[in-house]
């Protein structure tokens, strides 16, 4: 029996003796000494600690008599395997084997401990966790400070229902295999001081009950998205002393219940805007000793429950205006040892929104001045630490709004003790803050080194201004992208202390700014120096936009200018240009237009230079700003036009045009009516056509090509077929065929010719017929064309004016026309789709058709009867000006006669060609469609001497010399063998104007030109 067994046997005998005496003796045991003796003896039976004994082997029978043994500690011995404790192993709850030389955990060595709850194997030489642990009741497993480099998946699976705490600190683990921990009951996992560099997604899946995870001092550089997914109940995450550089919501995904996050001693330099989306229950955040240089307005967005925020010992120099606004529950804010001096000195309300803040630590931030509004919003603040800042000036009542302030820590020996600091000693004394404040003067020289509490109120005077004072502020500017500009800032100071200059953009220092600095003496008597700094910006870009501010500093403090805003503009440029479009009527027109610019340009549409859209009035127009598309549904003829897209911003505007052409199948605008005329009269057959493009018309007679004679004329683009001096052979069925690229339409009209009554005198009859024929032609043409113009107003006005705008005013900047598949490519959007035919036009039947030109208000048909009399027919009073134009009738003088329908007129001087006739009162010609179609005329022969020349008779009319010359020239050119020089034989065509007389040229109208 060894010493241990002897000791346990002796203790059992003693305990038995005590119990025996207590039952036989009439006196009870001592209440104190005997109780402790009993407790010690009992503990010896329950707990056995054999640590620090250099044990290398334990016999299984050495503890067989200790049936009540529960805990065994064998720390710091030389055991190489887990010992076999014999029958008592099944009762052991705690087994501690820390500090031994165990190199492997064998499952068979642990199976005997069926009641084991705590196993401590720390400080051994275990290098691998290979074979899965046996099923045990284990709750606490410690394998710290070993040499574990790898772990096999499933190693801990048999402990899934019992294990609560697992510690693997101070090992050599380099990677965590996916789904390594299938321990749904585990609450605490520690992996500190390993060599885990990367954590992949789903690494900790299966730890749904985990409350805390510690991975400090691992050198972790990368946390993949979803690295902690599955830890939805975790409350504490410690990642201190690693190499993380950024906080993103990707690796924080799934931490919905996280309350404490410790990231101290990393290399974090950025917090993504939406980092805290999944951690909105966070109450404590530690970011001390990182590389943060700025706190943006979204750095802590969503942390409304945050109670404590530690950002000390970073490099924070910029705090956005709203950086802390969402932290409505924050009570402690630690910003010590940063570089936020400019934030405190220049910003107003940097801490606004922290309504519940109790403790603010600004120790060691190089703060040199405190403004009146520096702590606006901190009404509940109780503790303010401004120690270790070389504060030089404090504006009056800078702490007045903090009514609940209990501690103000301030130590500085750099105060500028002028009249502006007079308030401070009295305020400190009133609030009993003297024990927290150690402040002394640095200027003026008379007070240097003296405590502010030792200076009398009269000693705080303002004799000079050593701190720079801004005299010239930078001005707000706008610039075009790519241009150069400058900001100018000046300050004055009475001190000769060296001056430094800096420029900030959006509260951040410009390190590589191009600056020019100079100084000059402003007032010699007071020795005041003025300093000027110029910031030059070259080739500005959109990134140059912002608020610029100059900072001029010397030993006594810094002065901040106002913030001048720079706006960079760029002229708009099209990214989508509207294209010319040709579509069928009834379809949907789609025009695209988009532009880039800075600021973003506004897109507007116009039609034909205005905003009057027929489609808008009829609610057929739709604009889709998000798609940059302009729609017109159910397109109609009136939608034809030039559509202009205008892009405009503050830098300027640009526009692009697109022509919309609507195609329509041919159709008859007026029904075709049969005609009945008397032989010798003029017959007019109408075929008023509509369609886009304008259809081509062809006439046939009795289903055969029309044989055109000198009595056949065509007018208005072949819409009028005029048959002069009709004959019985002209009777029959006439077919009008109109066609364009979209189709063909045919219509029939029947012409009937009835015999004419005979005259008393054959000569008079012939003369009368000749006169009536030509007169009737004029009447018919004028009347018919008036009807055509009136009934065809839609297509005449729209197409004509559209063509004029296209040619005179519009410039379409696209040369590509989108045509339907069935429209030939020769149709152009730059004007009308099919030009009208002037002069001779080849019809589809192969014959040449002649047609007539109209004047502005009707057809002008100069004619003369057999005796040389000139006639002018006017279709309406509205046509008076057109008829009186000398260009329309080369046979009249400067002011020819005008006849209005229904009026009676006497003879005119213009009737020089038939002088000798008696008065010839005549009635203005009646409408062709009136019942009195054939009018009676009194004819008078007009004899002339044979020797009288035409030139003579023309000269008698009183025409200007240049017109008489034209007529004379025309007469000489046309005189031939069959000509007798008499005006009676001259036809209107013989008086065609010569090139020399352009002033009397018969101008063409849009309806064509009359040719005989």
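Residue numbers (our numbering): 6 to 1017.
By construction, the Cβ of each residue, glycine as well, lies at the ideal position given by its N, Cα and C atoms.
With a contact defined as Cβ atoms closer than 8 Å, residue 313 and residue 286 miss out at about 14 Å. Taking 3 residues as the shortest admissible run, the stretch 444-500 contains the following complete beta strand (DSSP E) segments, listed from N- to C-terminal end: 474-477, 482-485 and 490-498.
Secondary structure of residue 533 (DSSP, three-state): strand. The beta carbon of residue 747 sits closer than 6 Å to the beta carbons of 668 and 670 from its chain, once the five residues preceding and following it are set aside; these are given in chain order.
Remark: C-beta atoms of residue 87 and residue 115 approach each other more closely than 8 Å. Note on residue 68: 16 or more other CB atoms within 10 angstroms of its CB, so buried under the neighbour-count rule. Taking 8 Å as the upper bound for CB-CB distance, residue 367 and residue 340 are in contact here, some 6 Å apart. Residue pairing by DSSP places residue 77 opposite 53 and 100 in a beta bridge. The stretch 731-749 and the stretch 640-660 do not touch, with fewer than three beta-carbon pairs separated by less than 8 Å.
Inclusion of residue 169 and residue 192 in the CB contact set at 8 Å is warranted, their separation being smaller than that value. A direct Cα-to-Cα measurement between residue 359 and residue 288 gives close to 15 Å. Excluding sequence positions up to five before and after residue 276, its CB lies within less than 6 Å of the CB of 252 and 304, all in the same chain and listed in chain order.
Secondary structure at residue 663: strand, using DSSP grouped into helix, strand and coil. For residue 742, the secondary structure class from DSSP, reduced to helix, strand or coil, is strand. Spanning the alpha carbons of residue 452 and residue 470 requires a straight line of approximately 16 Å.
In this structure, the beta-carbon distance from residue 104 to residue 80 falls below 8 Å. Distance from the Cα of residue 675 is smallest, within the candidate group 690, 694 and 684, for 694. Straight-line spacing of the CA atoms in residue 395 and residue 301 works out to 26 Å. Where residue 351 is concerned, there is no enclosing beta strand (DSSP E), although the alpha helix (DSSP H) around it starts and stops at 346-351. By the neighbour-count criterion, in which 16 or more other beta carbons inside 10 Å mark a residue as buried, residue 379 falls on the buried side.
Exposure of residue 431 is indicated by the presence of fewer than 16 other C-beta atoms within 10 angstroms of its C-beta.
Measuring C-alpha to C-alpha distances from residue 522 to each of 784, 333, 539 and 458 identifies 539 as the nearest. The DSSP-derived three-state label of residue 237 is coil. Distance from the CA atom of residue 284 to the CA atom of residue 310, rounded to whole angstroms, is 10 Å.
Contact between the stretch 619-629 and the stretch 544-558 is absent, with fewer than three C-beta pairs closer than 8 Å. Inside the stretch 251-292, DSSP marks no whole alpha helix (DSSP H) run of 4 or more residues. For residue 431, the enclosing alpha helix (DSSP H) begins and ends at 428-435. Distance between residue 129 and residue 101, taken at the CA atoms: about 12 Å. At a Cβ-Cβ threshold of 8 Å, residue 296 and residue 274 count as neighbours. Beta-carbon to beta-carbon, residue 597 and residue 583 are separated by about 6 Å, close enough to satisfy the 8 Å threshold. Check the Cα spacing between residue 324 and each of 362, 140, 436 and 510: the tightest is with 510. The stretch 531-551 makes contact with the stretch 483-492, as at least three CB pairs between them are under 8 Å. With a threshold of 16 other beta carbon atoms within 10 Å, residue 402 falls short and is exposed. Collapsing the DSSP output to three states places residue 598 in coil.
Residue 565 is positioned such that its CB atom lies no closer than 8 Å to that of residue 610.
Looking at the DSSP output, residue 133 shares a beta bridge with 155.
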